[in-house]
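Per the UniProt record's numbering, the sequence shown starts with residue 1, numbered consecutively. By construction, the Cβ of each residue, glycine as well, lies at the ideal position given by its N, Cα and C atoms. Remember, it's a predicted structure, so these values are computed and weren't measured experimentally. Accompanying notes for the structure given below.
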Amino acid sequence: MFSTTINAQDRIIRKDGKQIDAKVLGTDSKYVRYKRADNPDGPDYFLFHSDILKIEYQNGTAEQKGDPLKLGREPANGAAIDIKLFGKKSLAV
Numbered sequence: 001m002f003s004t005t006i007n008a009q010d011r012i013i014r015k016d017g018k019q020i021d022a023k024v025l026g027t028d029s030k031y032v033r034y035k036r037a038d039n040p041d042g043p044d045y046f047l048f049h050s051d052i053l054k055i056e057y058q059n060g061t062a063e064q065k066g067d068p069l070k071l072g073r074e075p076a077n078g079a080a081i082d083i084k085l086f087g088k089k090s091l092a093v
């Protein structure tokens, strides 16, 4: 009996630091659809783009989604606030 293991896979890096070894199946305007590498015949999983920092594909390319330290919002006057200036534990109100 022969068993074949495919080591080529993608890696999804979430903004909370968790890394998911997966095979990315597709994306749309809100979600990334993937299969877990440890269960390729299992169900499809979905993550919001907003929860993903980066996707590293098996071919060596990477897609940067966002920087968790550059979260910000625009106040009423239109000037941007860079929250990272206030530290990681700050809350912008």
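Under 8 Å Cβ to Cβ from residue i, same chain only, skipping five residues before and after it: list those, please.
i           : result
GLN19       : ARG11, ILE12 and ILE13
residue 104 : Past the edges of the chain, shown from 1 to 93, lies residue 104, and the structure says nothing about it.
Since residue i sits in a beta bridge, which residues does DSSP pair it with?
i     : result
ASP10 : ALA22
ALA62 : GLU56
LYS35 : LYS23
Apply the 10 Å Cβ neighbour rule to residue i and answer buried if 16 or more other Cβ atoms are within range, or exposed otherwise.
i     : result
LEU91 : Low confidence applies to LEU91: its pLDDT is 46, below 50, so where it sits in the model is not reliable, and the reading given next is rough at best. Exposed, by the Cβ-count rule.
LYS30 : exposed
GLN9  : buried
With C-beta atoms as the reference, is residue i less than 7 Å away from residue j?
i     : j     : result
LEU53 : LYS15 : yes
Among residues of its own chain, excluding the 5 on either side of residue i, which ones have a beta-carbon nearer than 7 Å to its beta-carbon?
i     : result
GLN64 : LYS54
What distance in whole Å lies between the Cβ atoms of residue j and residue i, which are believed to be in contact at a cut-off of 8 Å?
i     : j     : result
VAL24 : HIS49 : Not quite, the Cβ-Cβ distance comes to about 12 Å (not below 8 Å), so this is no contact.
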